[in-house]
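Student: In terms of the numbering used here, the sequence shown opens at residue -13 and continues consecutively. Pasting a structure here, questions to come.
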Amino acid sequence: MADTLTELQNNPEAAGMPHADWLGLLVDREVTARDNRRLTRRLSRAKLRQAAAIENVDYRTARGLDRSLFQNLATSQWIRDANHLVIVGPTGTGKSWLACALGNKACRDGFSVLYKRASRLFADLAQARGEGRLARRHCRADDFMVPPSSNAWCVVPGCEAE
């Protein structure tokens, strides 16, 4: 907020603005900066393997992707409803990319996401069970977006926005 205040003080166009407008700009920029930091933190913690976004989905590709179904999934309502998602298909059809795109959208919608390969997820769960932390770990990962492929998992905790 201090940076924005300094910027406004040094801007000759802002000198003629009423104080209420100044305050509005300061608050608006602070809210935007905080939202951007939260999103950056969620995306970083998600560890998405690919920089995919639902806006870049190519429906012309012959992978049998139902446009209306995918656009419905992109609303993240399935996460709010605590539903599970399984993405299946032949090798090389973009299952992992679609999972990353949905994970990216979930982050933008305020959900925490964690992308893991199935082998790593199972190893982590086995280790947690051996250490007696499985119940606690299970509480942190309520919902799973399951196999984009046999080698990858995308975990989406069904939590409220950060």
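Even for Gly, the Cβ is constructed at its ideal location relative to N, Cα and C.
Could you check how far apart the C-beta atoms of Asp187 and Ser62 are, in whole angstroms? I think they sit under 8 Å.
Tutor: Outside the displayed range of the chain (-13 to 148) lies residue 187, so it cannot be described from this structure.
Student: Whose C-alpha, out of Ala109, Arg103, Ala114, Arg115, is nearest the C-alpha of Gln36?
Tutor: Arg103
Student: Taking Leu100 as part of the beta strand (DSSP E), name the residues at either end of that continuous run.
Tutor: 100 to 102
Student: Beta carbon of Trp64, beta carbon of Leu55: below 8 Å?
Tutor: Contact flag unset, no.
Student: Short of 6 Å in beta carbon distance, which residues of its chain neighbour Leu120, apart from the five on each side in sequence? Order them along the chain.
Tutor: Excluding sequence neighbours, Leu120 sits near Ala114.
Student: Identify whether Arg119 lies in helix, strand or coil by the three-state DSSP scheme.
Tutor: coil
Student: If you run the structure through DSSP and keep just helix, strand and coil, what is Gly89?
Tutor: Looking at Gly89 - three-state DSSP - the assignment turns out to be helix.
Student: Do Ile40 and Ala87 count as a contact pair if the criterion is CB distance below 8 Å?
Tutor: yes
Student: For Tyr45, is the classification buried or exposed, using 16 other Cβ atoms within 10 angstroms of its Cβ as the cut-off for buried?
Tutor: Within a 10 Å sphere around the beta-carbon of Tyr45 sit fewer than 16 other beta-carbons, which makes this residue exposed.
Student: Could you give the distance in angstroms between the alpha-carbon of Asn(-3) and the alpha-carbon of Val17?
Tutor: 21 Å
Student: What residues in its chain sit with their C-beta under 6 Å from that of Asn42, if we drop five residues either side in the sequence?
Tutor: Only residues of its own chain outside the window of five on either side were considered, and among them none has a CB closer than 6 Å to the CB of Asn42.
Student: Distance check for Arg24 and Gly2, CA to CA, integer angstroms please.
Tutor: 33 Å
Student: Assuming Ala32 and Val99 form a contact by the criterion Cβ under 8 Å, report the distance between their Cβ atoms to the nearest whole angstrom.
Tutor: About 4 Å separates the beta carbon of Ala32 from that of Val99, a gap short enough to meet the 8 Å contact definition.
Student: Since Ile65 is in the alpha helix (DSSP H), which residue starts that stretch and which ends it?
Tutor: Segment 63 to 66, the alpha helix (DSSP H) holding Ile65.
Student: Is Gly2 helix, strand or coil when you go by DSSP?
Tutor: helix
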